[in-house]
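Residue 198 in the working numbering sits at position 32 of the sequence shown, and the numbers go up by one each step. Virtual Cβ for every residue (Gly too), placed ideally from N, Cα, C. Keep in mind it's a predicted model, so treat the numbers as computed, not measured. A quick write-up on the structure given underneath.
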Amino acid sequence: DAFINKIASHSFVEFGQFDRDLYGTSIDDIRHVVEMKRKICILNLNPDAIRTFDRTDLYPFIICIAAPAFERLKRLELDRRD
Numbered sequence: 167d168a169f170i171n172k173i174a175s176h177s178f179v180e181f182g183q184f185d186r187d188l189y190g191t192s193i194d195d196i197r198h199v200v201e202m203k204r205k206i207c208i209l210n211l212n213p214d215a216i217r218t219f220d221r222t223d224l225y226p227f228i229i230c231i232a233a234p235a236f237e238r239l240k241r242l243e244l245d246r247r248d
């Protein structure tokens with residue numbers, strides 16, 4: 167119930183369910199790492215989760231990495247075998 171209440175109060179940057187387990191990336195936990203521990207918090211988020219930062223006082227650096235085309239990946243694999 168506590169987790170569902172946190173979802174309702176927008177306490178997570180991202181949340182979801184895997185099998186029967188709920189998971190989430192807490193805004194408060196991110197804030198704790200950045201402000202209290204003075205560390206950089208590196209997250210691998212769904213692109214839709216980036217919009218969540220608009221509701222916070224956190225200002226992330228966003229890096230988007232595009233995967234190569236599938237044909238290029240196949241060629242790389244074949245080149246490694248030679």
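| What residues match up with F249 in a beta bridge as DSSP calls it? | With the chain represented from 167 up to 248, any question about residue 249 goes unanswered, as that position is not in the structure.
| request: Spell out the partners DSSP gives F178 in its beta bridges. | output: S192
| What residue from L188, E243, D167, E180 has the CA that sits closest to L209's CA? | Among L188, E243, D167, E180, the Cα nearest to that of L209 is on E180.
| message | Between the alpha carbons of A235 and D245, how many angstroms are there, rounded? | response | 16 Å
| message | Please classify F178 as buried or exposed, where buried requires at least 16 other C-beta atoms within 10 Å of its C-beta. | response | buried
| Cβ-Cβ distance between I196 and L224 below 8 Å | yes
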